[in-house]
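Asker: Quick one: the structure is below, and I'll ask about it shortly.
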Amino acid sequence: MLVIMFPTVNRGYCLAFLSLSLLGLIGMHLDVTHGSPTEDEDYYLQEILNREHYYSLREAEEPYSEASVAAQPLEEERSKPSKKEVKAKKENGKETDKAATNAKTVKSGNKKNEKNKKGNWKSPNGSQEGEVHYEAVKEVCPPMGLEALGIDDFQLHASTVKRYGLGAQRGRLNIQAGIYEDDFYDGAWCAGRNDPLQWFEVDARRLTKFTGVITQGRNSLWSSDWVKSYRVMVSNDSHSWVTIKDGLEDMIFPGNTEKEIPVLNEFPVAMVGRYVRINPRSWYEAGSVCMRVEILGCPMPDPNNYYHRRNEITTTDKLDFKHHSYKEMRQLMKVVNEMCPNITRIYNIGKSHNGQKLYAIEISDNPGEHELGEPEFRYSAGAHGNEVLGRELLLLLMQFMCQEYLAGNLRIKHLVEETRIHLLPSMNPDGYDKAFEVGSELGGWSLGRWTEDGIDINHNFPDLNSILWEAEAKKLVPRKVPNHQIPIPEWYMYDNTTVAVETRAVIAWMEKIPFVLGGNLQGGELVVTYPYDMTRSQSKAQEQTPTPDDHVFSWLSFSYASTHRLMTDASRRVCHTEDFAKEDGTINGASWHTAAGSMNDFSYLHTNCFELSVHVGCDKFPHESELPEEWENNRESLLVFMEQVHRGIKGIIRDPQGRGIANAIISVEGINHDIQTAADGDYWRLLNPGEYKVTARAEGYSSSTKVCEVGYDMGATQCDFVMSRTNLSRIKEIMEKFGKQPINLPVRHPRRRAQQRRRQT
């Protein structure tokens, strides 16, 4: 008989230790657990507890309730064959496969037929006769909103962090980092240590059915960090955790192979709980444990949930809230045209590189013709094909305006009857097709951004800024180089120039129609930018570079930002690295980052149109389920900005016979930027409230000046001019009319005349 002797002092502690050890072994044998350890306890003990607790929950017969100790699979998915039943079904001594196969990376778009899918469990060799093959219906839930900021920073937690700039609040899919390595806003969550104990956690704040995870590596110019594999755990109380299983073993999900391409893993069994954790198991050898994450989850019905009620956004507009393919976009525009044939017209401005027509729709009480004195407005979207929210907003806007016009909405009727509105939803349909093919969450930050031939449309317009500024330095403005309507350089029109066919089509569209105001909708941020977009100093990437109309542009930008639900909200978190809410949601483009050949600068310097870039959301490609909320965020702003086309002065420049004078120049004292009249002699000059000295000039006419006052009420001030012909122009006109030429008398010198007189005498 072996006797173990303990010192008297430590005997009690040793007996307690042996007792706990024996109880632990008994508990493991009887499938009994008592919660999960904290992050500082032994890792292997955590695995044992999670495994045993998981099976105790699966074998329980009680229905699901919020009071459950830990998360569990859905009721309908717990009705799969038991382990004994699976084991009994063998053929020729072959054992059947595990209960579920590893989740694989799949493409997940926004099609309606993806709302319900089937997941198959079968043997590694395929489904063969005599082997077990059974299915469970899996619902594909939408993103919870880490990327779209539907999840607050306070809902994100992590085991450890490398530093604040790499905290859990930065672990959002597609979040972008600053240009410096130690930036306050960095490009992922990074753990403070590289070991298997690290985790990233999301608190849904309500019971949620979790169905999948999307991951990326760290966005950085200097580092390469990503997670290669991970486990997923779910909990109701953040203490007791259930690990998703692959048979008896923890399921190890494949992660990323580089840092930018998102990877989706769908769960074989949907899990219900409040919390979800991602536990990295392996990572890039030369990097660190860093992740950007999106969680797929469907909130469970809970009308008493405070957070759900507070953040819920609903819309009463009966619109087609979905992502539209190119064919579906054309069909929707046709439906709107058929609903409102008297106020709409569909036309195309050209073709894309792949031959897809660039369709636009006109909304006006007399579609197809320019009405004298009526301003022209445009919205365009999709210059970057993967920034699709603007495209869908314009499709929603055309539906909304048609419906409200038919319903007698006075505000919409006034807009339609007093403005000629043009909507171009997709400037880059080829790029959109690439992004649409992989879906809203899997395109990453740049897939589909460029045209088919790799050109960024938004930076593909002629650089007229350099031409103007060089002429100003040489004091050639306006004597030789005008301060407006600057012509396009000849080299830009050459066939071998790197200019997209889509850009050429848009330029022709801008030159054909006398637009007064425009907005191009972009994505990835919440801010309105205005010209200039290019810095004057070539050595600087950021520099405040205002136009002569800086005050007007500031007001136009603020009119959109201030009526947006989020842009000026000081309490909202930043999308990526810039806090634009401090600047009232607006910024001069060049002070953000310089961009030569932008659409905004070209529009201002080559045409009469004042153009802005409106970045309508942090998420470039929001999920279909998020479109109603995004519509509510932007609807009022879209209408208010259109109404700004009626600010300032307008008028008609005529000759004494009442005929309109085309290409007459309208100058405002103190503003070194002129505009020109349209073909019928009408003009529109956007101005803030105030008193202005306005001069009209035209070749062959005497200039005319008057004082025009702009009020605070909506509606442009009428400021007409009648211009008389100069005497010289009238003489030329008369002589051309009768086909006569001026008599050119020979020039006689005085000395020669004197010599001729002497000879005669």
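When you read off a place in the sequence shown, starting at 1, and then add 439, the result is the number in this note's numbering. The beta-carbon is built from N, C-alpha and C at its ideal position, and this holds for glycine as well. These figures come from a predicted structure and were not determined experimentally.
Could you tell me the distance, in whole angstroms, from the CA atom of proline 1127 to the CA atom of isoleucine 782?
Answerer: Per the sequence shown, residue 1127 should be read as asparagine rather than proline. If you take the alpha carbons of asparagine 1127 and isoleucine 782, they lie about 30 Å apart.
Asker: Under three-state DSSP, which class holds asparagine 897?
Answerer: Here asparagine 897 sits in helix by DSSP.
Asker: Is there contact between the region 692-700 and the region 592-606, where contact requires at least three CB pairs shorter than 8 Å?
Answerer: With a cut-off of 8 Å, the region 592-606 and the region 692-700 do not count as touching, because too few Cβ pairs lie within range.
Asker: According to DSSP, is tyrosine 624 part of a helix, a strand, or is it coil?
Answerer: It is coil, neither helix nor strand.
Asker: Tyrosine 871: buried (16+ other C-beta within 10 angstroms of its C-beta) or exposed?
Answerer: Its Cβ being crowded by 16 or more others within 10 Å, tyrosine 871 is buried.
Asker: Cα separation between proline 921 and histidine 809?
Answerer: Their backbone Cα atoms lie some 27 Å apart in a straight line.
Asker: Quick check on glutamate 777: buried or exposed, where buried means 16 or more other Cβ atoms within 10 Å of its Cβ?
Answerer: Answer is exposed; the Cβ neighbour count stays below 16.
Asker: So, at 6 Å on beta carbons, what are the nonlocal neighbours of glutamate 1075 in its own chain, with the 5 sequence-adjacent residues on each side left out?
Answerer: Thr1002.
Asker: Are the CB atoms of leucine 836 and valine 955 within a distance shorter than 8 Å?
Answerer: No, the Cβ-Cβ distance between valine 955 and leucine 836 is not below 8 Å.
Asker: Which term fits glutamate 524, buried or exposed, when burial requires 16 or more other beta carbons within 10 angstroms of its beta carbon?
Answerer: Here glutamate 524 scores only 45 on pLDDT, less than 50, and its place in the model should not be relied on; the value that follows carries that caveat. Looking at its Cβ environment, which holds fewer than 16 other Cβ atoms inside 10 Å, glutamate 524 is exposed.
Asker: Near isoleucine 894, which residues of its chain fall below 6 Å by C-beta distance, leaving aside the five closest residues on each side in sequence?
Answerer: So the qualifying residues of the chain are Ala939.
Asker: Going by C-alpha distance, which of Leu828, Lys1176, Ala820 is nearest glutamate 1063?
Answerer: Per the Cα distances, Leu828.
Asker: Can you tell me whether aspartate 1018 is buried or exposed, with buried defined as 16 or more other CB within 10 angstroms of its CB?
Answerer: Aspartate 1018 is exposed by the Cβ-count criterion.
Asker: Using a 10 Å radius around the Cβ and a threshold of 16 neighbouring Cβ atoms, would you call methionine 866 buried or exposed?
Answerer: Burial call: buried.
Asker: Between the region 867-887 and the region 793-801, are three or more C-beta pairs nearer than 8 Å?
Answerer: Output reads yes: the region 793-801 touches the region 867-887.
Asker: Here's a check: name, in chain order, each residue in its chain whose Cβ is nearer than 6 Å to the Cβ of histidine 823, leaving out the five neighbours to either side.
Answerer: Within the same chain, histidine 823 has close Cβ partners Arg888.
Asker: So, using beta-carbon positions, are proline 953 and alanine 1117 closer together than 8 Å?
Answerer: Their beta carbons are under 8 Å apart, which means proline 953 touches alanine 1117 by this criterion.
Asker: Specify, as a first and last residue, the run of the beta strand (DSSP E) that valine 732 falls within.
Answerer: From DSSP, the beta strand (DSSP E) with valine 732 extends over 729-738.
Asker: Report the rounded CA-to-CA distance for isoleucine 1170 versus lysine 1176, giving the unit in angstroms.
Answerer: Distance between the alpha carbons of isoleucine 1170 and lysine 1176: 10 Å.
Asker: Distance check for glutamine 615 and histidine 861, CA to CA, integer angstroms please.
Answerer: Spanning the two alpha carbons is a distance of roughly 33 Å.
Asker: Taking the alpha carbon of tryptophan 930 as the point to measure from, which residue in Phe900, Cys729, Val641, Arg769 has its own alpha carbon closest?
Answerer: Looking at the Cα atoms, Phe900 is the closest of the given residues.
Asker: When the Cα atoms are used, what is the spatial distance from glutamine 1096 to histidine 923?
Answerer: Their backbone Cα atoms lie some 28 Å apart in a straight line.
Asker: Since histidine 990 is in the beta strand (DSSP E), which residue starts that stretch and which ends it?
Answerer: Note, histidine 990: premise wrong, no beta strand (DSSP E); alpha helix (DSSP H) at 989-1000.
Asker: Figure out for me which residue from His1112, Lys1145, Gln1157 has the closest Cα to the Cα of aspartate 1121.
Answerer: Cα-wise, what sits closest to aspartate 1121 is Gln1157.
Asker: Please work out which residues of its chain come closer than 6 Å, Cβ to Cβ, to cysteine 841, disregarding the five sequence neighbours upstream and downstream, and give them in chain order.
Answerer: Excluding residues within five positions, the ones whose Cβ falls inside 6 Å are Val775, Met778, Cys779.
Asker: Report, in whole angstroms, the separation of the C-beta atoms of leucine 965 and methionine 1006, which I expect to be a contact under 8 Å.
Answerer: Indeed, because the Cβ distance is near 5 Å, the residues count as touching under 8 Å.
Asker: Do you know whose CA, among Thr890, Thr1046, Glu941, Met973, lies nearest aspartate 419's CA?
Answerer: A query on residue 419 cannot be resolved here, the shown segment of the chain reaching from 440 to 1200 and no further.
Asker: Are there 16 or more other CB atoms within 10 angstroms of the CB of glycine 584, so buried, or fewer, so exposed?
Answerer: That one is buried.
Asker: Who are the near neighbours of isoleucine 1114 in its chain, counting only those whose CB is closer than 7 Å to its CB and skipping five residues on each side?
Answerer: Only His923, Asn1047, Ile1105, Tyr1122, Arg1124 meet the Cβ criterion.
Asker: What is the DSSP secondary structure of arginine 670, reduced to helix, strand or coil?
Answerer: If DSSP states are grouped into helix, strand and coil, arginine 670 belongs with the strands.
Asker: If I measure Cβ to Cβ from lysine 873 and keep anything under 7 Å in the same chain, skipping five residues before and after, which residues do I get?
Answerer: Contacts found: Gly824, Leu886, Gly887.
Asker: Please confirm if the region 1054-1070 is in contact with the region 980-996, defined as three or more CB-CB distances below 8 Å between the two stretches.
Answerer: Counting Cβ pairs under 8 Å, fewer than three are found: no touch.
Asker: Between which two residues does the alpha helix (DSSP H) harbouring proline 853 extend?
Answerer: In the sequence on display, residue 853 carries histidine and not proline. Segment 849-857, the alpha helix (DSSP H) holding histidine 853.
Asker: So alanine 643 and valine 600 are in contact, right, with Cβ under 8 Å, and what is the actual spacing, rounded?
Answerer: The pair is not a contact, with the Cβ atoms about 21 Å apart (cut-off 8 Å).
Asker: Could you tell me the distance, in whole angstroms, from the CA atom of serine 1037 to the CA atom of alanine 1135?
Answerer: Near 30 Å, if we compare the C-alpha coordinates of alanine 1135 and serine 1037.
Asker: Alpha carbon to alpha carbon, how far is lysine 1059 from valine 1053? Give it in angstroms, no decimals.
Answerer: Cα to Cα, valine 1053 sits roughly 12 Å from lysine 1059.
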